[in-house]
């Protein structure tokens with residue numbers, strides 16, 4: 425297929441396309457006072473960090489470390505003054521700042537995320553932080569649009585940087601540093617650990633929420649399970665069906681274009697890999713109630729979830745972020761504590777086992793990012809412009825930095841029902 429028109433730019437050399445990238449092509453208007461406050465706050469924050477922020481090639485700020493080259497300080501501070509971290513990301517997309525070691529710079533920032541903004545301004549977050557658009561709410565209709573924005577970009581795009589399993593979630597390696605050719609085995613190790621946790625064997629009725637491109641469903645079918653896997657991405661559904669057919673498991677796997685809330689029946693095992701992040705905090709109770717409703721007596725739920733600290737979740741859950749605007753509309757990372765609160769308050773499900781492996785996600789993301797960079801010409805050939813490539817480079821590096829700093833974790837959880845006598 426060809427890339428959607430939303431990702432195209434007719435001219436790769438004339439700067440950001442103002443129709444495709446309206447908030448990147450031109451810095452926002454801002455009062456001198458607001459820009460001055462932003463500059464003062466940012467200068468103060470950078471000056472206390474172990475990095476070197478160079479402004480317009482003439483002035484260095486910071487304690488020394490990875491270089492952050494701020495080429496257009498006026499636009500940089502103006503964007504941050506108007507839209508905070510969204511402006512920070514848009515400034516990178518516009519080429520107003522860069523870094524030879526982007527992950528290194530972003531890791532320093534992630535290490536200090538809680539203290540970058542003064543406490544006095546944090547208490548006034550409601551006055552300056554942007555609010556998420558109502559259109560991104562994960563209703564059944566909104567969820568389809570949100571998922572399509574990311575996963576229906578182009579199967580060919582994802583195939584350029586994912587390994588042959590087309591697994592778009594954290595792998596589990598035997599050791600570090602990892603190499604790209606080890607990714608398929610590491611992804612199968614992750615999948616097998618989830619299937620083992622869920623108790624998937626011959627004859628298991630398995631529900632997978634969030635199909636991806638079908639690797640887990642195929643691997644479960646190879647164990648003898650009967651699988652229903654649901655997705656909201658038409659692109660993923662079509663390729664997953666083709667891969668199931670090629671593997672010879674059409675009689676055991678049904679790939680359905682469906683919202684998880686529409687599924688009926690009873691299942692011995694439910695597996696969901698990094699899908700809860702797309703549910704939206706407002707619908708977390710519905711998500712877990714759905715798992716509870718669909719799980720047969722004695723059944724097991726195995727989830728893989730990216731998590732963030734609970735205090736940061738509470739502080740930022742209503743804030744509109746760069747990731748939500750450009751990468752995952754409607755997305756929100758849960759905390760371990762939030763999962764515990766919701767399952768306890770709304771379901772009979774309880775966490776029986778939890779394993780964290782955030783360092784493995786950092787390695788997974790590094791391999792994806794390096795592969796994406798190496799294949800830039802092929803990304804261009806699919807019709808994606810230079811701003812899109814900078815956006816995705818920033819997204820992959822930003823995510824990697826979150827795991828390297830420990831700000832983010834990824835966990836596999838086993839949920840079982842608290843049966844009543």
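Numbering (this note's numbering), first residue to last: 425 to 845.
Glycine included, C-beta positions come from ideal geometry on N, C-alpha and C.
Which listed residue (716, 675, 634, 732) has its alpha carbon closest to that of residue 702:
634
- Hey, would you say residue 526 sits closer than 7 Å to residue 821, going by beta carbons? yes
- Using alpha carbons as the reference points, say which of 632, 563, 753 lies closest to residue 707. 563
- Taking 8 Å as the threshold, find out whether the segment 821 to 840 comes into contact with the segment 534 to 543 through three or more Cβ pairs. yes
Handout entry: Minimum C-alpha distance to residue 757 - residue among 678, 735, 495
Key = 735
Suppose the cutoff is 6 Å on Cβ atoms and the five residues either side in sequence are ignored; what does the same chain contact list for residue 780 look like?
833, 835
Item checked: Supposed contact pair residue 697 and residue 640 - C-beta distance, whole angstroms, cut 8 Å -> 7 Å
* Asked: Would a check of beta-carbon distances place residue 687 closer than 7 Å to chain D?
  -> The chain inventory of the structure shown lacks chain D, comprising one protein chain alone.
Residues near residue 720 by beta carbon distance below 8 Å, same chain, minus five either side = 629, 690, 691, 692
Secondary structure at residue 811, three-state DSSP: helix, strand or coil? helix
**Item:** Residue nearest to residue 608 in terms of C-alpha spacing, selected from 518, 481, 586
**Value:** 586
- Return yes when the Cβ of residue 731 is within less than 7 Å of the Cβ of residue 767, no when it is not. no
**Message:** For residue 500 and residue 473, I'd like the C-alpha separation in whole angstroms.
**Reply:** 18 Å
- Message: Buried or exposed for residue 487, going by 16 or more other Cβ atoms inside 10 Å?
- Response: exposed
| query | Buried or exposed: which applies to residue 649, given that a residue is buried once 16 or more other Cβ atoms fall within 10 Å of its Cβ? | reply | buried
Item to complete: Could you please give the first and the last residue of the uninterrupted beta strand (DSSP E) stretch that includes residue 517?
Response: Run containing residue 517: none in the beta strand (DSSP E); it sits in the alpha helix (DSSP H), 497 to 517.
- Message: Please list the terminal residues of the continuous alpha helix (DSSP H) segment that includes residue 644.
- Response: 639 to 646
To the nearest angstrom, how far is the alpha carbon of residue 840 from that of residue 715? 10 Å
Could you check what DSSP says for residue 649 in three-state terms: helix, strand or coil?
coil
- Could you give the distance in angstroms between the alpha-carbon of residue 606 and the alpha-carbon of residue 751? 27 Å
Identify the residues that DSSP records as bridge partners of residue 780: which are they? 835
Q) Helix, strand or coil for residue 628 per DSSP? A) coil
ask   = What first and last residue would you give for the beta strand (DSSP E) that runs through residue 728?
value = 719 to 731
Contact check, residue 477 vs residue 504, beta carbons under 7 Å
no
- Message: On the DSSP letters alone, give me the boundaries of the beta strand (DSSP E) that residue 478 sits inside.
- Response: 476 to 479
Indicate whether residue 644 and residue 624 have their beta-carbon atoms separated by less than 7 Å. yes
query = DSSP three-state call for residue 742: helix, strand or coil?
reply = coil
Anyone know if the C-beta pair for residue 659 and residue 569 falls short of 7 Å? no
**Message:** Let me make sure I understand the geometry here. Which of 741, 514, 489, 685 has the alpha-carbon closest to that of residue 718?
**Reply:** 685
query: Bridge partners of residue 774, per DSSP?
result: 840
Grab me the residues of residue 727's own chain with a C-beta within less than 6 Å of its C-beta, minus the 5 sequence neighbours each way, in chain order. 696, 837
- When you compare only the Cα positions, how much space is there between residue 578 and residue 483? 42 Å
Report the CB separation of residue 626 from residue 647 in whole angstroms; it is logged as a contact under 8 Å. 7 Å
Length of the line joining the Cα atoms of residue 451 and residue 458:
14 Å
key: Collapsed DSSP secondary structure at residue 716 in the structure displayed   = helix
Residue 664 beta carbon less than 7 Å from that of residue 704: no
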